[in-house]
Amino acid sequence: MIPEPLMRYLVWPTVKFLVAFVIVQVVVAAMTYIERRVLAFMQARLGPNRVGPWGLFQAIADPVKLMLKEDIVPANAEKVGYFLGPMLPLIPAFVVFCLIPFGPPPTFVVTHVNVGLLLILALTSTGVYGIILGGWASNNKFSLMGGLRSAAQMVSYEVPFGLSIVGVLMLTGSFDLVRIVRYQESHAWNVLPQLVGCFIFLVAMTAENNRAPFDLPEAESELVAGFHTEYSGMKFAFYFLAEYAAMLVNSCLMVSLFFGGWSLGGVIMGRQVGLTTVNLQHLGLLGGVIGATIFLVKVMLFMVAYIWFRGTFPRFRFDQFMDLGLKWMIPLSLVNIVVTGILILAGAGTRYPAMGEVVLTLFGIVVIAAVILFLMKGPKPKARPAGVAHARRVSEV
Amino acid sequence: MPGIPTNYFLILSAILFTIGVCGVLTRRNGITIFMSIELMVNAVNLTFVAYARQFHSLHGLIFVFFVMAIAAAEAAVGLAIFIALYHHRDTIDVDEANLMHW
Amino acid sequence: MVELAVFFVFAAVAVIFALVVILHRNPVVSALSLVASFFALAVMYVLLEAPFLAALQVIVYAGAIMVLFLFVIMLLNLQHQREETTRPIQQALGYVFSAAFGIGLIFYLIKYAWIRAEQTTPFNSDARAIGIRLFEAYVFPFEMVSILLLAAIVGALLLSQRTDLRGRPTTGVDHPSGQNPEGAAASPRTGQPSFDAGQPSPAAASRRADPHHEGAK
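Protein chains in written order, with this note's numbering: chain A, 1 to 397; chain B, 1001 to 1102; chain C, 2001 to 2217.
In structure tokens, the structure reads:
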């Protein structure tokens, strides 16, 4: 018989982690299929539909193809760096899954860390090293440029990414994701009082993952394939896996921080209504499975949102992208923090403690409406270089 | 954790600080020298945290917090200086930076 | 017991990678080794019951400062530039002096600063405790640091501007992706190489812009 502390500190976490690991693999494989189908749908194409029913086995055929491909190492590459590059981003991407609560505690929480959210932030910020290392070790100008862009992008968007969470931290008063989710049951989903924070988080997480429209490190029209130009076969598959795992992490964070995590319901007038943590815990393991399913559904919605962005927005130019991060996102998130702080204090002093959050919601709606109006107005018509004007005339013919 | 004596951390910190000193004295590449300085700063941070734990005082931790903020500022300005040096000299060898004005 | 093993493993990691930092000729390898060393130090902070600082260490050093270092090394393309070694006398003196310094430091530690009373009670160093202390007793230094950071932003911006002989900026703020070769045509607003270097100026272009545009004005 295995002694109890060993079970508690080694066996159960390992089992839980392996389950989470398998789920991540399955989700990533499914995402390759979903991404291609959804993109095809948006572009009025069919997408993969040959392998198996509705092309479902494409999700298996793709990894098999990548595994069987020849693994090419460029002659002038730095061998160690070239080898380590694809491995490094996988480590933080998978370690972070130990820190995310997938369902109501205790079953679906792998490890309970006091500073969980900070640790997640710290680990996700280190995923960029693999990209930088791979881009540098390939000994290719385009790869190097991709790595360089990735570094600049990561440093610039790490700040709004972190600052957008601060509002949530101020409301809930904890770094612990379980407590943040439970706070949202007794109040409202954080997306309401933190509409601005949620918006900034959405933009920053897309930028952190190098996803379109911010996929500048691998912009195929500018840099061939960016940092993974020289990679093929399984090494490329590792980069791919790391990118999708990081997307999954950020979607999980989004759901936990702003969209109520595993719960679907709340505490109204002191009574547990709907699928809250307490109600799920009454159901035992079944409740855990239900909670995890709700969580997964919410996460998949955000994964599809990534594809939606990719299908909708054109890629940013690099200087515009930097302007967006440094001149718009950072000041906006700072304003959000200040307003959130003032309104929490103002609401706490009155007879209606929820008033601060209501006003915050209104503030968020006003800011988002202003942003949308500003975007709809578009930039001021500027003089275009002659070449562009000519191109437009041709397209109008 | 209570298992590890504070002295071990202090000796580790001393070793790291010495390595940093050695790097500053023996290298010419400006950025490597700068990285050695960062190493020394981190060794000092470790000392602060070790003593903070030993004496149950939060002051040491807050000092580390300030050191980190200042190291960030220092990194930004220092790297900007090296970029400027490189633009003028095409090298960041610190021996080449022998003019007060260019 | 387990903690002691963790300590020695990560202490070895920290020291070995720190040695790689100062001994390796390639600055990219040095920077990456320094990151590994900082990670080992973050583990030390966890062992010292300061997980908040460990997370900060990784976020600030590994996540921001070292990425900046790598960015600059790659931007200046330093990895192909072989660094000349210092003069042998300087090398020898450097090693001797630093070794003497290190031995002196450790001797001093053992002789005068050896802590005998071991701490066994747990140490509360969570973010709340640090935050309250920071904003009560240390408000003034905190504000000074924020001003310092602002000064650093301005200073970095000013220093990395590419200036001509009279000290005037030539291409505006040096652009992260704009590895403009010297003398390449760059548009003054964005710092990007403009694609219509041979084309007439924007003002001239606007004069013969498409009719819809002219009408809109």
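The beta carbon of each residue, even a glycine, is placed where N, CA and C say it ideally should be.
Counting only residues of its own chain and dropping the five nearest sequence neighbours on each side, F316(A) has a CB closer than 8 Å to the CB of P213, F214, L216, L324.
Here the segment 63-76 of chain A lies against the segment 228-242 of chain A, with 3 or more beta-carbon pairs under 8 Å apart. For the segment 98-175 of chain A, the continuous alpha helix (DSSP H) assignments of 4+ residues that do not extend past its boundaries occur at 116-124, 128-137, 141-172, in sequence order. Put simply, the CB of T1047(B) is far from chain C, with every gap to its CB atoms at 7 Å or more. With the criterion set as a beta carbon lying under 7 Å from some beta carbon of chain C, the members of the segment 168-182 of chain A are F175, in sequence order. Interface annotation for the segment 94-116 of chain A against chain C: N114, V115, criterion Cβ-Cβ distance under 7 Å. Within the DSSP bridge table, the entry for Q2091(C) names no partner. The count of Cβ pairs closer than 8 Å, one atom from the segment 241-252 of chain A and one from the segment 180-192 of chain A, stays below three, leaving the stretches out of contact. Taking a C-beta distance under 7 Å as the contact criterion, V196(A) and G364(A) qualify as a contact pair. Cα atoms of G260(A) and P104(A): separation of roughly 12 Å, rounded to the nearest angstrom.
At least one CB atom of chain C sits nearer than 7 Å to the CB of S1036(B). Beta-bridge analysis with DSSP links Q272(A) to V267(A).
Distance from the CA atom of L2068(C) to the CA atom of V155(A), rounded to whole angstroms, is 7 Å.
In the structure shown, the three-state DSSP call for N1029(B) is strand. At least one C-beta of chain C is nearer than 7 Å to the C-beta of R1053(B).
Its chain contains V2028, A2031, L2032 as the residues whose beta carbon lies nearer than 8 Å to that of L2070(C), once the 5 sequence neighbours on both sides are disregarded; these appear in chain order. Rounded to whole angstroms, the separation of the alpha carbons of N1042(B) and V2006(C) is 19 Å.
Within a 10 Å sphere around the beta-carbon of I2132(C) sit fewer than 16 other beta-carbons, which makes this residue exposed.
A straight line joining the alpha-carbon of L257(A) with that of P193(A) spans about 12 Å. Boundaries of the alpha helix (DSSP H) harbouring W12(A): 12-42, taken from the DSSP string.
For the pair of segments examined, the segment 1048-1060 of chain B was found to touch the segment 2121-2140 of chain C: the number of CB pairs separated by less than 8 Å reaches three. Excluding the 5 residues flanking it on each side, A204(A) has same chain C-beta neighbours closer than 7 Å at Y157, P160, F161, S164, M329, in chain order.
If you check the CB distance, W262(A) and F295(A) come in under 7 Å. Not one beta carbon of chain C lies nearer than 7 Å to the beta carbon of G1060(B).
The beta carbon of F41(A) sits closer than 8 Å to those of G47, all from its chain and outside the five residues before and after it, given in chain order. Under a criterion of Cβ atoms nearer than 8 Å, the residues of chain B adjacent to A2014(C) are, in order, L1012, L1016. The beta-carbon distance between G127(A) and P86(A), rounded to whole angstroms, is 12 Å. This is too long to meet the 8 Å contact definition. At a cut-off of 7 Å between beta carbons, F1063(B) makes no contact with chain C.
With contacts defined as CB atoms closer than 7 Å, I1033(B) and V1024(B) qualify as a contacting pair. The beta carbon of Y2112(C) sits no closer than 7 Å to any beta carbon of chain B.
Within the segment 121-136 of chain A, those residues whose Cβ lies closer than 9 Å to any Cβ of chain C are, in chain order, L121, A122, L123, T124, S125, T126, V128, Y129, I132, L133, G135, W136.
At a Cβ-Cβ threshold of 7 Å, P89(A) and A207(A) do not count as neighbours. For V2021(C), the closest of I2110(C), M2066(C), E2049(C) by C-alpha to C-alpha distance is M2066(C). E158(A) reaches chain C at I2059, G2063, A2064, V2067, counting residues in chain order whose Cβ is nearer than 9 Å.
Neighbours of P2051(C) in chain A, taken as residues at a C-beta separation under 9 Å, are given in chain order as V113, N114, V115, L118, L119.
Membership of K79(A) in the alpha helix (DSSP H) is indicated by the continuous run 79-84.
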